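Protein chains in written order, with the working numbering: chain A, 851 to 1164; chain B, 851 to 1164; chain C, 851 to 1164; chain D, 851 to 1164. Virtual Cβ for every residue (Gly too), placed ideally from N, Cα, C. Note that this is a predicted model, so its numbers are computed, not measured.
Number of protein chains: 4
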Amino acid sequence: MREDVRPLVNKALDLVSPEKAGRRVIALENPGRKGTSACVGWLYTGLQVMKPGESASAHSHASSALRFIIEGKGAYTVVDGHKMDLAAGDFVITPNGTWHDHGVEADGATTVWQDGLDMLLVNQLDANFYAVHPDRVQKSNYPINDTVQVFGGPGLLPAGEAWSKPYSPLFKYEWGRTYETLVNAAKATDGSPYDAIMMQYVNPATGGPVMKTLGANIQLLRAGERTKAHRHTGSVVYTCAKGSGYSIIAGKRYDWSKSDIFVVPSWAMHEHANASEREDAVLFSFSDVPSMVALGLYREEALADGGGHQKLPH
Amino acid sequence: MREDVRPLVNKALDLVSPEKAGRRVIALENPGRKGTSACVGWLYTGLQVMKPGESASAHSHASSALRFIIEGKGAYTVVDGHKMDLAAGDFVITPNGTWHDHGVEADGATTVWQDGLDMLLVNQLDANFYAVHPDRVQKSNYPINDTVQVFGGPGLLPAGEAWSKPYSPLFKYEWGRTYETLVNAAKATDGSPYDAIMMQYVNPATGGPVMKTLGANIQLLRAGERTKAHRHTGSVVYTCAKGSGYSIIAGKRYDWSKSDIFVVPSWAMHEHANASEREDAVLFSFSDVPSMVALGLYREEALADGGGHQKLPH
Amino acid sequence: MREDVRPLVNKALDLVSPEKAGRRVIALENPGRKGTSACVGWLYTGLQVMKPGESASAHSHASSALRFIIEGKGAYTVVDGHKMDLAAGDFVITPNGTWHDHGVEADGATTVWQDGLDMLLVNQLDANFYAVHPDRVQKSNYPINDTVQVFGGPGLLPAGEAWSKPYSPLFKYEWGRTYETLVNAAKATDGSPYDAIMMQYVNPATGGPVMKTLGANIQLLRAGERTKAHRHTGSVVYTCAKGSGYSIIAGKRYDWSKSDIFVVPSWAMHEHANASEREDAVLFSFSDVPSMVALGLYREEALADGGGHQKLPH
Amino acid sequence: MREDVRPLVNKALDLVSPEKAGRRVIALENPGRKGTSACVGWLYTGLQVMKPGESASAHSHASSALRFIIEGKGAYTVVDGHKMDLAAGDFVITPNGTWHDHGVEADGATTVWQDGLDMLLVNQLDANFYAVHPDRVQKSNYPINDTVQVFGGPGLLPAGEAWSKPYSPLFKYEWGRTYETLVNAAKATDGSPYDAIMMQYVNPATGGPVMKTLGANIQLLRAGERTKAHRHTGSVVYTCAKGSGYSIIAGKRYDWSKSDIFVVPSWAMHEHANASEREDAVLFSFSDVPSMVALGLYREEALADGGGHQKLPH
């Protein structure tokens, strides 16, 4: 096992490359910031394709990562010895300092997932570390999906010694119960004027974000629902998980449907709409908002004019 | 609405009486501390029977209360305008300062629930307040069970403004998902040597106890399972929710089966056993352990001798 | 060294007695609650006289204690091996679980101090523990008054590992700088309408109270100053440290001058006045307000009528 | 008053320029990162000279700033209406979002101070905001130095409503008591093997750093003292406030004496020595370590080899 600080130059590439072994990665680049690997702000996102039987070798780093499963079958992630199987719509984290490896079982199907990382910021802060696990693939020391079984009860946590690590012990958030929660909440509450029915994925031991630097949300727009515009510090990457619609971002309309990815830069005014009058739409998103809050830099503001809606050019 | 401090003498009785309207209450008294209304330490517990169509009038107090439903149909509690229906095994809280009223719908069945309160301690601290709601029955301003729909998702919380009141926004913990969580966790983890598979009911916004003064746990003993002995500060009231077994408390054996109630005093050595080799057993419990932790007085200790088991007299 | 839980009956007496060795103690008893050792609420306070060369043997307990020095010379307290010399007006804590012993040096003068303890509450909660130190007098492992030198800088704390114990690392608060702070603050701020220039003795590592169960304040009433009335939960014991004046408590006037002790029960309306037009007056006080806050039971209220002043009977 | 988000390009320059009005500023540039205004990591530091009667106009920004006074007489800073006079060795903060202006009184002397800002990071995060105060110079609404009088007592805080803003209410840390604290602590404790007698300037209301993004320390090296080497994430800017000595940073020796400024980059091994056998030496430093801690990226490591000292090339 080796572990050291990477030099500043090309650190991002150094970090990315071990992740790419045996995988096809498309990093989503911001046309306005070519060469930085940043898709918005300092956020990295990429689409990865993995075929049955392929896997990435076990490693850890100080940057935090998350994954949202787009499609596939038989994928898995192992985090600190906890193995989780992954299906479309599942959200999984590999926090700062945890050992992790990924793959697709031999009897699975080609899987596509979206990665999100804070590595560009962590590199900029000269605070990244990288280590290779002594084994190519971690041994799984626990029953599969044990973290979901133990930490996934509603309003329940294991009694006794409290979880004190700075990230969620749940690791995986399954699509089934997540979508069910959105649908139930949509019946019970009006939600937010700016975000409709939006749930934050949280660390159940604290109620706070899943990791210190990156957070993630899932939101449902009811059939025909249109939100009002607001803006806030922090950069956001959205992925459409269900349905279709459009967002107006900084005065420009962007249409989206399932598996489309779009971004909202820090302080850009934005509002969302479900284009269907019959089906609900669901947006997954991740952001560096937890970093903004931790540094005392979070700020938000509603659009005062135009009934809360941005004007589009003719 | 009136609101004032009660005189110290008979404050407990003052407080209890408004709760008794239209109900049959049996307070469980500690034979060693007659006349105090305390069943163990400063904890009050009582069994209440309510018939279809009966209800208790809306009020609030600075003491915190909780309820565990023993049996019945059509019961409900309203907390600060949020109405919840209650079935056997459900756990519900009515925290310090919240308006609450209870009843059984006219088409329900006679319901028995167990109350737990910290009022004896709060009275002793000269810190109780009592107020009567202007309406006999609170208007329900939200869809029924809305708090469960909004705050009951696994690892999910509404995004936006965080819940900041000093108690759980979930209010109700339903038996179905609670028992399912215990069964799942029993497959995924060994649990605690002293408490088997024990989950704490938590405030999902903090991961802490449901209220500042009172906490509650639910624990599953697998078929044939027997725990080791330990002791801790804080008094505990147990109710058997499923199955049967026995506990050895301060060197004496107490057998229990469904709906039995027993107590473990502060610092008494205790261990539990499931008497069945086929069925799991479930114990609900509530305690003042959160008060002990808040005051820096929590302490625990395992039994070192006898292989971790207490000796019983011949 | 022995350490165990005392039986509930007479636990207070058990606890008090080891403290009395070689000392003369007068416990201040509430005439309305004889036999309880409580002077107000669950607070214990006593005056202790110690002659030169006398000392109390080293011990620890789960209850928390504090001392305010009334008069004398050459007194000292040792807390977990940190020895502090004590002069009139100094405030010192001996927190839950710390080893402590006290005495007066052979070349000192007869010393009177006031003790404050939470032991009655801790006993009521069945959470007290008592242990005798293997040595009659603790060895002092640090330079005298080291905690004041290290933790007593204004807005400064030792860098590196943060202090994490649940009480103040400062242990001693010296009269000189405390009074100087009051005098300076009186020039710079109006203070509180209810408490004039009141400072809380804090744990500098958190800004919170010095201990989890007990807190202490020091307040200055400027020449001729009279506060408005308010009330709050929590019981308070006051000692006049300088000057003279009077307090109106629950509608009755109590005059006080240097070294007088008086109490304000929970939720009793109270206001203070400096009787002198030339000299400032200073009141030391300790209370269980931190316990009220920790348990979510703190509440306060200003007197709305009579211009904020209570009416006295003719 | 105007307030908006600056475009990303040249945002740093935009921000700096209003600060420069009427002042002479020398930004300390990192020769290895020309054109960035960063002297180490993302930290900005500059030396400013202001003549008697000069002042900078009142403004606020989301980036946090601090000042260490090198020399002069009659300087002042006003923060949110609190005016403070400043002498050599004083440390003052102008936190995120506060109105602030600076100047030198007409009867003062030319003043040199060192600025430290996090603006480069805040700009990089697209989270900066800038506003001009309606008045060129803020009215001072409080007695001069009132925050020091009110919040500067050792182990004392105003009772009542707690300070809840995310920065220190003390604003100014005076050299006199700061140096006195170092001298006292040097007699009472060995201090840290890596940092000798090092105190963190803290927010007295929390015990945490003075601001969310930037922290500051002051450390004393006793006559002849030499520390061992360690390294940590976070960038540090040091200023010699007294005496002389040298530091070995990443294997290279840098000598310093009063008013010299030097830096230690993130994760660079470093150790310090006082070159005098008779006089103590004092180093002021500020850093982004609080940002590292807030983001979960703080890590430190002692040098294991060479008796804890780095080898210098011959």
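Contact check, TYR1044 (chain A) vs ALA1152 (chain A), beta carbons under 8 Å: Taking 8 Å as the Cβ cut-off, TYR1044 (chain A) and ALA1152 (chain A) qualify as a contacting pair.
Beta-carbon spacing of LEU878 (chain A), ILE1099 (chain A) below 8 Å: Not closer than 8 Å, so no.
C-beta contact flag for GLY1095 (chain B) and ALA1123 (chain B) at 8 Å: Yes, these two residues count as a Cβ contact at 8 Å.
Would LEU967 (chain C) pass as a contact of SER913 (chain C) if the rule is Cβ separation under 8 Å? Yes.
Beta-carbon contacts of TYR1104 (chain D) that lie in its chain and below 7 Å, excluding the five residues immediately before and after: For TYR1104 (chain D), the CB contacts under 7 Å within the same chain, skipping 5 residues up- and downstream, are TYR1096, SER1097 and PHE1112 in chain order.
So for LEU975 (chain A), helix, strand or coil by DSSP? Three-state DSSP puts LEU975 (chain A) in coil, outside helix and strand.
If you run the structure through DSSP and keep just helix, strand and coil, what is PRO984 (chain D)? Assignment of PRO984 (chain D) by DSSP, reduced to helix, strand and coil, places it in the coil class.
Less than 8 Å between the beta carbons of SER1014 (chain D) and GLY931 (chain D), yes or no? Not a contact, by the Cβ cut-off of 8 Å.
Look at the alpha carbon of SER1116 (chain A) and the alpha carbon of ALA888 (chain A), and state the distance between them as a whole number of angstroms. Answer to the nearest angstrom: the Cα atoms are 13 Å apart.
Bridge partners of HIS1197 (chain A), per DSSP? The structure shown does not extend to residue 1197 (chain A), since chain A is modelled only from 851 to 1164, so the question has no answer here.
Simplified DSSP assignment, three categories, for SER1116 (chain D): SER1116 (chain D): coil per DSSP, three-state reduction.
Residue ranges of each beta strand (DSSP E) run of no fewer than 3 residues wholly in the segment 974–1061 of chain A, ordered along the chain? Those beta strand (DSSP E) runs which fall completely within the segment 974–1061 of chain A and span 3+ residues are 980–982, 1006–1008 and 1047–1051.
Checking the sheet assignment: what are the DSSP bridge partners for LEU970 (chain C)? According to DSSP, residue pairing for LEU970 (chain C) in a beta bridge does not occur.
Is TYR1088 (chain C) closer than 8 Å to ILE1068 (chain C) when the C-beta atoms are compared? The Cβ-Cβ distance between ILE1068 (chain C) and TYR1088 (chain C) does not fall below 8 Å.
Could you tell me which residues DSSP puts in a beta bridge with ASP1105 (chain A)? Its beta-bridge partners are A:TYR1096.
Closest to ALA1055 (chain D) by C-alpha separation, out of C:LEU1070, C:ARG1128 and C:PRO1004, would be which residue? In terms of Cα proximity to ALA1055 (chain D), the closest of C:LEU1070, C:ARG1128 and C:PRO1004 is C:PRO1004.
Within chain A, the residues that TYR1051 (chain B) reaches when beta carbons sit closer than 9 Å: Identification of chain A residues near TYR1051 (chain B) by a Cβ-Cβ cut-off of 9 Å yields GLY1005, LEU1006 and LEU1007, ordered along the chain.
Hey, LEU970 (chain B) and TYR894 (chain B): beta-carbon distance below 8 Å or not? Yes, these two residues count as a Cβ contact at 8 Å.
Starting from the N-terminal side, write out each stretch of the beta strand (DSSP E) that is 3 residues or longer and does not extend beyond the segment 881–932 of chain C. Counting only runs of 3 or more, we get 894–900, 905–911 and 915–929.
Spatial distance of HIS1120 (chain B) from SER1085 (chain B) (CA atoms): Straight-line Cα distance between these residues: approximately 12 Å.
Distance CB(VAL982 (chain C))-CB(ASP951 (chain C)) smaller than 8 Å: For the pair VAL982 (chain C) and ASP951 (chain C), the CB atoms are not nearer than the 8 Å cut-off.
Should ILE1047 (chain B) be labelled buried (16 or more other beta-carbon atoms within 10 Å of its own) or exposed? Counting of Cβ neighbours within 10 angstroms places ILE1047 (chain B) among the buried residues, the total reaching 16 or more.
Using beta carbons (cut-off 8 Å, strictly below), is ARG917 (chain C) in contact with chain D? For ARG917 (chain C), the answer is no, since every Cβ of chain D falls outside 8 Å of its Cβ.
Note down, in chain order, all residues in the segment 1042–1076 of chain B with a beta-carbon under 7 Å from any beta-carbon belonging to chain A. Taking 7 Å as the Cβ-Cβ cut-off against chain A, the residues of the segment 1042–1076 of chain B that qualify are SER1042, ASP1045, MET1048, MET1049, GLN1050, TYR1051, VAL1052, PRO1054, ALA1055, THR1056, GLY1057 and ASN1067.
What residues match up with GLN1069 (chain C) in a beta bridge as DSSP calls it? Partner(s): C:MET1048 and C:LEU1133.
Taking Cβ to Cβ, would you say THR1077 (chain C) is nearer than 8 Å to VAL1000 (chain D)? Result no, Cβ atoms of THR1077 (chain C) and VAL1000 (chain D) do not sit closer than 8 Å.
Quick check: the Cα distance between GLY872 (chain B) and LEU916 (chain B), rounded to an integer number of angstroms? With a pLDDT of 47 at GLY872 (chain B), under the threshold of 50, the predicted position of this residue should be treated as unreliable, though the coordinate-derived value follows. Taking the straight line from one Cα to the other gives about 19 Å.
Given a cut-off of 8 Å on the beta-carbon distance, is the pair ILE994 (chain A) and TRP963 (chain A) in contact? In this structure, ILE994 (chain A) lies away from TRP963 (chain A), with their beta-carbon atoms at least 8 Å apart.
Does the ligand NAD have even one heavy atom less than 7 Å from the beta-carbon of THR1031 (chain B)? No copy of the ligand NAD appears in this structure; indeed no ligand is present at all.
Could you tell me if LEU1162 (chain A) is buried or exposed, where buried requires 16 or more neighbouring beta carbons within 10 angstroms of its beta carbon? Exposed.
Going by Cα to Cα distance, which pick from A:GLN898, A:VAL1114 and A:GLY1093 is closest to GLU1129 (chain A)? Looking at the Cα atoms, A:GLY1093 is the closest of the given residues.
With 9 Å as the C-beta to C-beta threshold (strictly closer), list the residues of the segment 967–979 of chain C near chain B in chain order. Cβ contacts with chain B come from ASP968, LEU971, VAL972, GLN974, LEU975, ASP976, ALA977, ASN978 and PHE979.
Secondary structure of GLY953 (chain B), DSSP reduced to three states: Note: GLY953 (chain B) maps to strand in three-state DSSP.
Tell me, to the nearest whole angstrom, how far the beta carbon of ARG986 (chain A) is from that of SER907 (chain A); I am working on the premise that it is less than 8 Å. With a Cβ gap of about 5 Å, ARG986 (chain A) and SER907 (chain A) count as contacting.
Go ahead and pull the three-state DSSP assignment for GLY1157 (chain C). DSSP, read as helix, strand or coil, puts GLY1157 (chain C) in helix.
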